[in-house]
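The next block holds one structure in the form of structure tokens; read it before the comments.
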Amino acid sequence: MARRTRKNVGVIGLGIIGSRVAENLRHKGFHVFVWNKTPRPIPNFVGAPAELAEMCDFIQIFVSDDDALLEVIKQMAPALAPRHIVLAHPTVAPHTMQAAAEIVERRGGRFIEAPFTGSKLGAEKGELVFYVAGDELALREARPVLEASSKQIIEFGEIGQATVIKLATNIITGATVQAVAEALALVHNAGIPPEKFVAAVQDNASYSRTLEMKLPKMIAGDFEPHFSLKHMLKDMQLASRFGLSHHLELAVSSAVRDRLLEQEQRGHADEDYSVVARKYFPEVLPAAEQEVNLELFEKPPPIEPAATISSMGEVAAAVPPADVVATPEELPVSETPAQPEPEPAATNVIAPVTFTPVPEVNPPPPDAPVAPETQTQPEQSAATSADLSNQSPSEEAIDEPARRGLFDRLLRRDSGS
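Dropping the structure here:
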């Protein structure tokens with residue numbers, strides 16, 4: 076086991092920030108031991124968080140979320156003692172930070188809340204800004220460790236407050252990048268070169284460090300992660316929930332969260348959060364892929380069989396293609412084409428009697444010769460006749476073509492034909 080000294084520092088979490096903080100510490104003369112959930116082939120990699128705590132007095136934690144922070148703290152807890160100062164750097168819910176502090180303090184250790192801003196470049200240059208809260212004496216002892224990777228340390232009061240500050244600043248950062256994406260979309264669709272927009276905004280009151288870093292990369296379509304979309308989305312979700320817990324409507328935070336979520340669902344979670352610009356500047360597919368997509372999605376789908384469509388609850392039967400006309404013989408009785416509605420029958424028609432009707436689709440004009448009484452329509456189906464003959468004379472269901480057949484015979488008889 077390595078000899079423990081006051082300058083031994085443990086780093087848990089070797090992502091974009093943690094790995095660079097570990098390098099800065101080494102360059103400043105600290106003995107650094109590291110642990111990561113996924114093993115890394117790097118010097119002084121230990122087997123577990125508790126083993127790291129046995130070797131180090133200062134432990135910096137760079138994990139991604141609430142569950143990860145609490146899990147690491149619990150794994151270290153058996154090895155914690157009054158000599159330990161634990162510095163928690165992830166952006167989590169304020170109550171999660173307070174719960175982590177309680178676990179450490181129950182073991183006699185001291186806890187410092189220390190979220191940061193600065194992302195990848197800030198970590199590489201040792202120019203992070205830490206927002207810290209905790210015991211004043213512990214902060215004084217841990218300051219050299221924090222200074223190895225930072226240009227500024229801002230102190231707050233109670234544990235939880237530094238996290239609220241971090242969430243508040245990320246609301247501004249996330250909203251700024253979303254606003255830049257929308258502004259670029261306006262400029263692009265107006266046909267204005269993007270460099271003209273850059274020149275205009277550089278002397279505008281809205282210009283900021285965020286624009287300075289993100290605007291050129293967004294124009295170039297460079298979304299190499301400096302602060303990943305999945306982490307910014309997590310922070311916006313935390314901010315929205317914290318606002319709701321205080322009965323605050325954070326409309327801008329919610330809008331930014333939704334745009335980030337949209338891009339995460341499109342598979343861009345590990346890219347830089349400025350990837351929200353893809354909504355307005357989607358990637359151009361190669362010509363071959365475009366043709367495939369057109370073939371797959373623009374041709375109308377084939378008509379499903381009737382049984383299949385019925386099983387999906389869409390319609391009772393398949394609709395035939397537009398260029399195929401089904402004849403009455405091909406259709407069930409229930410699907411026989413509806414006859415045109417005839418004119419109302421005369422009011423002095425004798426009460427209906429049982430008969431075999433001879434329906435006529437259209438009434439003959441007044442001056443047309445009367446067809447022989449024996450002529451029938453060849454397409455009249457036996458099933459239709461049977462249905463009509465089974466109707467009760469007292470019902471109003473006797474159809475108008477039957478009434479008109481009777482009426483025509485009465486007229487022919489009265490006229491002596």
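The opening residue of the sequence shown carries number 76 in our numbering; numbering runs sequentially from there. Glycine included, C-beta positions come from ideal geometry on N, C-alpha and C.
State the DSSP-derived secondary structure class of residue i, mapped to helix, strand or coil.
i, result
"Thr411", "Note on Thr411: pLDDT 42, under 50, position unreliable in the model; no value is reported."
"His306", "helix"
"His301", "coil"
"Ser315", "helix"
"Tyr206", "strand"
"Thr113", "coil"
"Asp141", "helix"
"Ser349", "helix"
"Ser501", "Nothing about residue 501 can be read from this structure; the chain reaches only from 76 to 492."
"Asn83", "strand"
"Glu324", "coil"
"His106", "strand"
"Ile267", "coil"
"Ile148", "helix"
"Glu448", "With a pLDDT of 46 at Glu448, under the threshold of 50, the modelled position of this residue cannot be trusted, and the question is left open."
"Ser194", "helix"
"Glu230", "strand"
"Ser225", "strand"
"Ile246", "helix"
"Gln240", "Contrary to the premise, residue 240 reads as Ile rather than Gln in this sequence. Helix at Ile240."
"Ile134", "strand"
"Phe272", "helix"
Drop a sphere of 10 angstroms on the beta-carbon of residue i, count the other beta-carbons inside from all chains shown, and report buried for 16 or more, exposed for fewer.
i, result
"Ala265", "exposed"
"Leu212", "exposed"
"Asn99", "buried"
"Asn279", "exposed"
"Pro124", "buried"
"Leu319", "exposed"
"Gln414", "With a pLDDT of 49 at Gln414, under the threshold of 50, the modelled position of that residue is not reliable, and the figure given next carries that caveat. Classification of Gln414: exposed, given that the 10 Å Cβ count is below 16."
"Pro291", "exposed"
"His102", "exposed"
"Glu287", "exposed"
"Glu339", "buried"
"Arg181", "exposed"
"Asp310", "buried"
"Thr383", "Residue placement at Thr383 is poorly supported in this model, since its pLDDT is 35, which falls under 50; the coordinates still yield a value, given next. That one is exposed."
"Lys112", "exposed"
"Pro169", "buried"
"Leu89", "buried"
"Val255", "buried"
"Asp132", "buried"
"Asp141", "buried"
"Gly193", "buried"
"Ala176", "buried"
"Ser328", "buried"
"Arg115", "exposed"
"Leu196", "exposed"
"Gln253", "buried"
"Gly249", "buried"
"Ile117", "exposed"
"Ile160", "buried"
"Ser21", "As shown, the chain starts at 76 and ends at 492. That puts residue 21 outside it, with no answer to give."
"Arg95", "buried"
"Pro165", "buried"
"Leu127", "buried"
Can you tell me the Cβ-Cβ gap for residue i and residue j, rounded? I've got them flagged as a contact below 8 Å.
i, j, result
"Lys149", "Ile178", "7 Å"
"Ala314", "Asn245", "7 Å"
"Leu304", "Asp347", "7 Å"
"Ile92", "Ala198", "5 Å"
"Glu129", "Ala154", "5 Å"
"Leu144", "Ala217", "About 17 Å separates the two Cβ atoms, so there is no contact after all."
"Ala237", "Met293", "About 30 Å separates the two Cβ atoms, so there is no contact after all."
"Phe108", "Val121", "6 Å"
"Met307", "Leu335", "6 Å"
When you compare the CB of residue i with every CB in chain B, is at least one pair closer than 9 Å?
i, result
"Phe191", "Included in the structure is just one protein chain, with no chain B present."
3 or more residues per run - each beta strand (DSSP E) lying fully within the region 154-189: With a minimum length of 3 residues, the continuous beta strand (DSSP E) runs that stay inside the region 154-189 are 160-163, 185-188.
Sufficient close CB pairs (3 or more, under 8 Å) joining the region 217-236 to the region 297-309: No: fewer than three Cβ pairs fall under 8 Å.
Given 8 Å, three or more beta-carbon pairs between the region 180-190 and the region 201-212: Cβ pair count under 8 Å is three or more, so yes.
Three-pair Cβ contact test at 8 Å for the region 266-286 versus the region 304-320: Contact fails: fewer than three Cβ-Cβ distances are below 8 Å.
Three or more C-beta pairs below 8 Å linking the region 212-221 and the region 187-197: Yes: at least three Cβ pairs fall under 8 Å.
The region 135-144 / the region 83-100 touching (three or more Cβ pairs under 8 Å): Flag = yes, the region 135-144 and the region 83-100 touch.
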